[in-house]
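Asker: In case it helps, the working numbering puts the sequence shown at residues 182 to 319.
Dropping the structure in here first, questions after.
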Amino acid sequence: MYEDYMASLAARGRGENTLRTYRQQLKLFYQWAVDNDRDLRPEDITSMDAVEYRDWLQEQGKMPATINKALQAISAYCAWLCEEGRLDHNPLARVSKVQEVQTAPKWLDKNEKYSLIRAAFKEKDIRNTAIIFTLLLA
Numbered sequence: 182m183y184e185d186y187m188a189s190l191a192a193r194g195r196g197e198n199t200l201r202t203y204r205q206q207l208k209l210f211y212q213w214a215v216d217n218d219r220d221l222r223p224e225d226i227t228s229m230d231a232v233e234y235r236d237w238l239q240e241q242g243k244m245p246a247t248i249n250k251a252l253q254a255i256s257a258y259c260a261w262l263c264e265e266g267r268l269d270h271n272p273l274a275r276v277s278k279v280q281e282v283q284t285a286p287k288w289l290d291k292n293e294k295y296s297l298i299r300a301a302f303k304e305k306d307i308r309n310t311a312i313i314f315t316l317l318l319a
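Written out as structure tokens, the structure is:
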């Protein structure tokens with residue numbers, strides 16, 4: 182079943198990176214299931230399994246983007262199982278993703294700031310130099 186899914190993704194034109202990611206994420210999910218004494222067949226996947234796996238990934242210190250990527254891969258697999266008639270609904274459809282924290286933009290360090298000023302002066306365009314100074318001093 183798993184290889185049929187991979188072939189289906191390839192037939193749909195998914196890139197090699199996508200195939201590699203989905204393959205890896207599904208293997209990790211099933212390995213987690215085996216390690217936790219769960220004999221999961223594809224049609225046995227439940228939303229509770231997904232929630233417990235998500236929580237376990239968080240306990241392992243995985244980043245939110247990594248956890249969400251895993252959930253997306255499993256959800257896509259379950260959606261395909263629905264298309265194939267192996268599941269009557271996608272158990273991950275209502276499983277919430279992990280909130281990703283937006284980081285603040287990085288400021289220019291001193292060297293980058295001076296490089297920008299030098300470049301503005303070399304250009305000898307008063308307007309651009311004024312814009313750069315305005316932005317740097319704002």
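Quick reminder that beta carbons are idealized off the backbone N, C-alpha and C, glycines included.
Identify the continuous alpha helix (DSSP H) that holds Asp216 and give its terminal residues.
Answerer: As a first step, residue 216 is located in the sequence shown; it is residue number 35 there, counting from the start. Glu197 to Asp216 is the extent of the alpha helix (DSSP H) around Asp216.
Asker: Identify whether Trp261 lies in helix, strand or coil by the three-state DSSP scheme.
Answerer: Translated into positions along the sequence shown, residue 261 becomes position 80. Three-state result, Trp261: helix.
Asker: Evaluate contact between the region 256-269 and the region 293-309, counting only Cβ atoms and requiring at least three cross-stretch pairs below 8 Å.
Answerer: Judged by Cβ distances under 8 Å, the region 256-269 makes no contact with the region 293-309, as fewer than three pairs qualify.
Asker: What residue ranges within the region 227-288 form continuous beta strand (DSSP E) runs of no fewer than 3 residues, ordered along the chain?
Answerer: The region 227-288 contains no whole beta strand (DSSP E) run of 3 or more residues.
Asker: Excluding the five sequence neighbours on either side, which residues of its own chain have a C-beta within less than 6 Å of the C-beta of Trp288, listed in chain order?
Answerer: Your numbering for residue 288 matches position 107 in the sequence shown. Nothing meets the Cβ criterion.
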